[in-house]
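These notes are about the structure you will find just below.
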Amino acid sequence: MPDGAAAAGAPPSRPRRRGLLVAAAVMAVALAAAGGVAVAARAGAEPAATDLPVAGDVGVHDPALVVGEGDDPWYVYSTGDERENAGAVQVRRSTDRGATWEYVGTAWGPSDAPRWAQEAVPGVVNYWAPELHEHDGTWYLYYAASTFGSNRSVIGLRTSPTLDPDDPDYGWVDRGEVWRSEPTDGYNAIDPGIVEDADGTPWLVFGSYWSGIQVVELAWPDGLPAAGTTPVGLASRLSAPHAIEAPYVVEHDGWYYLLVSQDACCQGTDSTYRIAVGRSRDVTGPYVTRDGTDLLLDGGDVLLESAGDRVGPGGQSASRGVLAYHYYDAATGGTPTLGLREIAWDAEGWPVLATADEQPG
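Numbering (our numbering), first residue to last: -10 to 350.
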């Protein structure tokens, strides 16, 4: 079983369907909000999508990125390694704006493992696909507990006043279950992502295979489901094995952009993961592609896919204009590796991730 996968199974590879080209656009300099990352493009040229070189300890699956303000550290939380601290979520830090990463431990130790999750999902050996979100001075850490090929899954929550492991106030308090799925459900409760709407209401997007991506309303300050909320479908794949997961919603200029990972993760250099997108004026959809195809009807414009030694990019998150994802490095035999890339925006308001020589076709 691949270590640290954010998938509910290891399905066979399926034929890759390329999405639409990201259109050429006229852009001036776009400055990513508050993070200080500039993306420039010449008038009449495609907007630039720029890799951020990374070094150090970058062996991750499913990175949850937090870009610090100014000179503050950057953090990546990622899927746990079953060989360490009972599979707890891993923590990495960069003090040089994402250039160099150091491993600084796990979010909890073996004695503080979520026993309730192990009871709810027998066979759990590690915790998958974390998400980090700050609200009113508190950090919320969402994560998934599941096993391969099963939708008996739970999403859990912990909170901490800080991300800094060196801060005396640091510590992730277990807040228990957020959402679960059973074999009788048509969805899979893993791969959590959080987005706030224009009114400040938090929403949890999640899902993997089965009927695809779902969203439920949460409530502050506990970060748990709002009373009476039920899942609403956002995106799916129509053909078996229904390979879509790892949802993440980015708000930009009044639109909500749903990023998803399509096709097969966690198979090393045989992985066919790719990142696709649709957008909506509302968090709850409908999300559509450039040509109006609903993501519930197998839509999704491809943003980033395998190219060169970068195989199977996916498991994405974003912070302050920077996208984080993992891929399998063919140059090292398929090592899972952190990728960071600036997000550019074209004149029609669509995100651009691929560099000029990587454009999906």
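Cβ coordinates follow ideal geometry from the N, Cα and C atoms, glycine included. Computed from a predicted model, the values in this text were never measured in an experiment.
request  = Could you tell me the distance, in whole angstroms, from the CA atom of Ser170 to the CA atom of Val249?
outcome  = Sequence index remark: in the sequence shown, residue 170 carries index 181 (1-based). Sequence index remark: in the sequence shown, residue 249 carries index 260 (1-based). One C-alpha to the other measures close to 20 Å.
message = Excluding the 5 residues flanking Gly48 on each side, which residues of the same chain have their C-beta closer than 7 Å to its C-beta?
response = Here residue 48 refers to the residue found at position 59 of the sequence shown. The answer, listed in chain order, is Thr324, Pro325, Thr326.
query = Would a C-beta distance cut-off of 8 Å place Ala320 and Asp298 closer than the cut-off?
reply = Within the sequence shown, the letter at position 331 stands for residue 320. Within the sequence shown, the letter at position 309 stands for residue 298. Closer than 8 Å, so yes.
request  = Give the range of the alpha helix (DSSP H) segment to which Asp109 is assigned.
outcome  = As a position in the sequence shown, residue 109 is number 120, starting the count at 1. The question names Asp, but residue 109 is Ala in the sequence shown. Element bounds for Ala109: 104 to 109.
Burial state of Arg147, where buried means 16 or more other Cβ atoms lie within 10 Å = For the purposes of this step, residue 147 is taken as residue 158 along the sequence shown, with counting starting at 1. Counting Cβ neighbours within 10 Å, Arg147 comes out buried, since at least 16 surround it.
ask   = Under 8 Å between the Cβ atoms of Asp290 and Ala265?
value = Taking the first residue of the sequence shown as 1, we reach residue 290 at position 301. Taking the first residue of the sequence shown as 1, we reach residue 265 at position 276. Yes.
key: Endpoints, beta strand (DSSP E) assigned at Trp90   = Position 101 of the sequence shown holds residue 90. Counting along the chain, the beta strand (DSSP E) containing Trp90 begins and ends at 89 to 95.
request  = Return the Cβ separation of Pro154 and Val93 in integer angstroms, given the expectation that the two are a contact with Cβ distance under 8 Å.
outcome  = The residue given as residue 154 occupies position 165 in the sequence shown. The residue given as residue 93 occupies position 104 in the sequence shown. Sure, about 5 Å apart at Cβ, within 8 Å.
query = What's the call for Asp70, buried or exposed, on a 16-neighbour Cβ count within 10 Å?
reply = Here residue 70 corresponds to residue number 81 of the sequence shown, with the count starting at 1. That one is buried.
task = Return the bridge partner residues of Pro214 from the DSSP annotation.
result = As a working note, residue 214 is residue 225 in the sequence shown. DSSP, once it has assigned bridges, lists Leu207 as partnering Pro214.
ask   = Opposite Trp326 in the DSSP bridges: which residues?
value = Translated into the one-based positions of the sequence shown, residue 326 becomes position 337. The identity of residue 326 in the sequence shown is Thr, whereas the question assumes Trp. Looking at the DSSP assignment, Thr326 forms a beta bridge with Tyr316.
query = By the 10 Å Cβ neighbour count, where 16 or more other Cβ atoms means buried, how is Thr173 classified, buried or exposed?
reply = The residue given as residue 173 occupies position 184 in the sequence shown. Exposed, because fewer than 16 other Cβ atoms sit within 10 Å of the Cβ of Thr173.
key: Rounded straight-line distance, which links the Cα of Val239 to that of Tyr246   = As a working note, residue 246 is residue 257 in the sequence shown. As a working note, residue 239 is residue 250 in the sequence shown. Taking the straight line from one Cα to the other gives about 5 Å.
query = Do you know whose CA, among Gln203, Ile332, Asp60, Gly222, lies nearest Thr84's CA?
reply = In the sequence shown, counting from the first residue as 1, residue 84 sits at position 95. Out of Gln203, Ile332, Asp60, Gly222, Asp60 has the C-alpha closest to the C-alpha of Thr84.
ask   = Ile144: which of Gly322, Ala134, Trp161, Leu152 sits nearest, CA to CA?
value = Here residue 144 corresponds to residue number 155 of the sequence shown, with the count starting at 1. Nearest C-alpha to Ile144: Ala134.
request  = Check each candidate in Arg268, Glu120, Ala44 and name the one with the smallest Cα separation from Gln79.
outcome  = Counting from 1 along the sequence shown, the entry for residue 79 is found at position 90. Of the listed residues, the one whose Cα sits closest to Gln79 is Glu120.
inquiry  = Please return the same chain residues whose Cβ sits closer than 6 Å to the Cβ of Val98, not counting the five positions on each side in sequence.
reply    = Walking along the sequence shown from the start, residue 98 turns up at place 109. For the sequence presented, residue 98 should be read as Gly rather than Val. These residues qualify, in order along the chain: Asn74.
message = Taking 6 Å as the limit between beta carbons, can you name the residues of its chain near His124, skipping five residues before and five after?
response = Here the question's residue 124 lines up with position 135 in the sequence shown. Only Trp209 meet the Cβ criterion.
Spatial distance of Ala313 from Gly328 (CA atoms) = Translated into the one-based positions of the sequence shown, residue 313 becomes position 324. Translated into the one-based positions of the sequence shown, residue 328 becomes position 339. Answer to the nearest angstrom: the Cα atoms are 6 Å apart.
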